[in-house]
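A.B. asks: Questions regarding the structure given below will be posed in turn.
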Amino acid sequence: MVVKMVHTINFFLTCESPRHLRKKTLLDIIKSSELDQLICNLSLADRCPTQCHCFYQPAIGNITVVDCPGSGLTRIPSALPLYYNLQTDFTNNSIRNLESISQFGLEMFERIKKLDLSNNQIIAISDLVLDRFRKIQLVNITSNAIKRIPRSLQMLKPCQIALGKIVMKCKCEDLWLKIWLPLHYQSCTGNTQIVCEHNGLLRPITEMEKVDLGCSETNNNASLLNMLICSAFAAVIIIASIVFKLRSECFILTRSIFNFFKKPVATSCIKHDIYISANEDDPLVRKWLLTSLVPYLERKGFDVFIFFRDSAFGAPREQETIDVMSKRRNFIILLSAITNGTQEWNKREWRYAWNYYKCDFSRNLIVINYDFVKCDDFVKKFFRGFFTLRKVINFSNFDNKIEEDILTFLK
């Protein structure tokens, strides 16, 4: 593919430098797979530190190398080439403190791909420094003088940093390293080994237990406390989820208990008794209402309103429905196969009835399942709790006593 992109005349250009490529043509370099030798040297003007050799190497992933081994550096240079995929080599120097890099901008660390600080004199790594290292693909700090490791090292993946072999006096708070260290089957298993000085012996921290370090039981108590807190939190979430899912049932039960101990006082706007919501297009329902239920209730002295019988001629239905229902104490909802969530006016009546029932404990809501219909989503929205708590009157489940049972529910 490279051959196709380069003009054929350029294949016969001869290199004069560097020395190891002298008198070689571009075609010779391609054939001998030496494209990686074609580099662009960077100068101080390109922000290359004075003690370093910097070059751009496009043939190998467009990397930029900052090569500073054995340069006598005591700190990491604050200026680096403004390229991405930087591979920085600061090995074999005299760098002791990394705190200066905490002042560098995050943008510089986003450009660094690999940072090699091996064979220096680094004695400690701060939390802020480790936070900066999170942006780098691989950090090598092997062969230094590190004696303590902060827990913030957990911000980095085990294969993201190499600390080499670190010998330290292990404490109880260091046991987290057993979980963080790379597993034996990972490719980076040799990146970091933590060895504990214990009773004059050196033991890997992976083999140390709490009893070996003399850890007190307070840690166990803290773990138990954390488990209890987590369990309590989970229980609250589960209970809250159940209450939310059964909120309709919980409300109906709470309302019933409240009314049992304290009879609510009806508001002054309630002046009539019953509003019946039913599908006026179902001839069987109309017949039963007009010949059986309504006459029975009126004989008992109740004031009954059915829209298809009692509405004012020519009046806006929406407004009349709201006005009539706002003055009624009892709402009888008659569910039939045809009204199972399909009639728009029935849906509005259900919504108004449920809202009045929910906001005013002196009102009553009676659900009659005329055709043993099953709840669809819209019916469930308002009346699921009645079905769950078996507070629905099933029309066909009575021996000609349905009117008497409806009467017992009325206020």
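Using UniProt numbering, you'd call the opening residue of the sequence shown number 1 and step up by one each time.
Even glycine gets a Cβ: it sits at the ideal position worked out from N, Cα and C.
What does the alpha-carbon distance come out to for the pair Cys48 and Tyr56?
C.D. replies: Within the sequence shown, residue 48 is the residue found at index 48, counting from 1. Within the sequence shown, residue 56 is the residue found at index 56, counting from 1. If I take the Cα positions, the gap works out to 11 Å.
A.B. asks: Return the bridge partner residues of Asp116 from the DSSP annotation.
C.D. replies: The count along the sequence shown starts at 1 and reaches residue 116 at position 116. Asp89, Asn140, per the DSSP bridge assignment.
A.B. asks: With a threshold of 7 Å on Cβ separation, who are the neighbours of Asp323 within its own chain once the five nearest residues in sequence on each side are excluded?
C.D. replies: As a first step, residue 323 must be located in the sequence shown, where it is residue number 323. Closer than 7 Å at Cβ, skipping near neighbours: no residue.
A.B. asks: How is Gln121 classed by DSSP in three states: helix, strand or coil?
C.D. replies: Locating residue 121 in the sequence shown gives position 121, where the first residue counts as 1. Correct three-state label for Gln121: coil.
A.B. asks: To which residues does DSSP link His198 through a beta bridge?
C.D. replies: Position 198 of the sequence shown, counted from the start, is the residue given in the question as residue 198. DSSP output for His198 lists Leu201 as bridge partner(s).
A.B. asks: Buried or exposed: which applies to Gln319, given that a residue is buried once 16 or more other Cβ atoms fall within 10 Å of its Cβ?
C.D. replies: Against the sequence shown, residue 319 aligns to sequence position 319. It is exposed - the Cβ of Gln319 has fewer than 16 other Cβ atoms within 10 Å.
A.B. asks: May I ask you to report which of helix, strand or coil DSSP gives Gly385?
C.D. replies: Counted from its first residue, the sequence shown places residue 385 at position 385. Gly385 falls in the helix class under three-state DSSP.
A.B. asks: Nearest to Ile122 by CA position, among Phe331, Arg96, Ser277, is which residue?
C.D. replies: For the purposes of this step, residue 122 is taken as the residue at position 122 of the sequence shown. It is Arg96 whose Cα lies nearest to the Cα of Ile122.
A.B. asks: Do you know how far the Cα of Val139 is from the Cα of Leu115?
C.D. replies: Within the sequence shown, residue 115 is the residue found at index 115, counting from 1. Within the sequence shown, residue 139 is the residue found at index 139, counting from 1. Computed Cα separation, rounded: 5 Å.
A.B. asks: What ranges does the alpha helix (DSSP H) occupy inside the stretch 125 to 177, keeping only unbroken runs of at least 4 residues that lie completely in it?
C.D. replies: Within the stretch 125 to 177, the complete alpha helix (DSSP H) runs of at least 4 residues are 127 to 133.
A.B. asks: What's the C-alpha gap between Arg134 and Cys215?
C.D. replies: Here residue 134 corresponds to residue number 134 of the sequence shown, with the count starting at 1. Here residue 215 corresponds to residue number 215 of the sequence shown, with the count starting at 1. Near 31 Å, if we compare the C-alpha coordinates of Cys215 and Arg134.
A.B. asks: Can you tell me which of the three DSSP states Cys48 falls into?
C.D. replies: Working through the sequence shown from its first residue, we reach residue 48 at position 48. Here Cys48 sits in coil by DSSP.
A.B. asks: Helix, strand or coil for Arg328? Go by DSSP, reduced to three states.
C.D. replies: The sequence position of residue 328 within the sequence shown is 328, counting from 1. Strand, per DSSP.
A.B. asks: Decide if the stretch 291 to 304 is in contact with the stretch 348 to 366; the criterion is three or more beta carbon pairs, one per stretch, under 8 Å apart.
C.D. replies: With a cut-off of 8 Å, the stretch 348 to 366 and the stretch 291 to 304 do not count as touching, because too few Cβ pairs lie within range.
A.B. asks: Per the contact definition of three or more C-beta pairs closer than 8 Å, is the stretch 243 to 262 in contact with the stretch 301 to 308?
C.D. replies: Taking 8 Å as the limit for Cβ pairs, the verdict is that the stretch 243 to 262 does not touch the stretch 301 to 308.
A.B. asks: Where do the ends of the alpha helix (DSSP H) carrying Val392 lie?
C.D. replies: Along the sequence shown, read from residue 1 onward, the residue named residue 392 stands at position 392. Segment 392 to 394 is the beta strand (DSSP E) holding Val392; no alpha helix (DSSP H) there.
A.B. asks: Could you tell me which of Glu99, Ile136, Glu197, Asp89 sits nearest to Arg111, measuring between CA atoms?
C.D. replies: Sequence index remark: in the sequence shown, residue 111 carries index 111 (1-based). Of Glu99, Ile136, Glu197, Asp89, the residue nearest in Cα terms is Ile136.
A.B. asks: Examine the Cβ distances between the stretch 220 to 234 and the stretch 180 to 197 and report whether three or more of them are shorter than 8 Å.
C.D. replies: Not touching, per the Cβ criterion.
A.B. asks: Could you tell me which residues DSSP puts in a beta bridge with His272?
C.D. replies: Position 272 of the sequence shown, counted from the first residue, corresponds to residue 272. Looking at the DSSP assignment, His272 forms a beta bridge with Arg328.
A.B. asks: Counting pairs of Cβ atoms below 8 Å between the stretch 340 to 357 and the stretch 388 to 396, do you hit three or more?
C.D. replies: Taking 8 Å as the limit for Cβ pairs, the verdict is that the stretch 388 to 396 does not touch the stretch 340 to 357.
A.B. asks: Here's the rule: buried if 16 or more other CB atoms are within 10 angstroms of the residue's CB, otherwise exposed. What is Tyr370?
C.D. replies: Here residue 370 refers to the residue found at position 370 when the sequence shown is read from its first residue. With 16 or more other Cβ atoms within 10 Å, it is buried.
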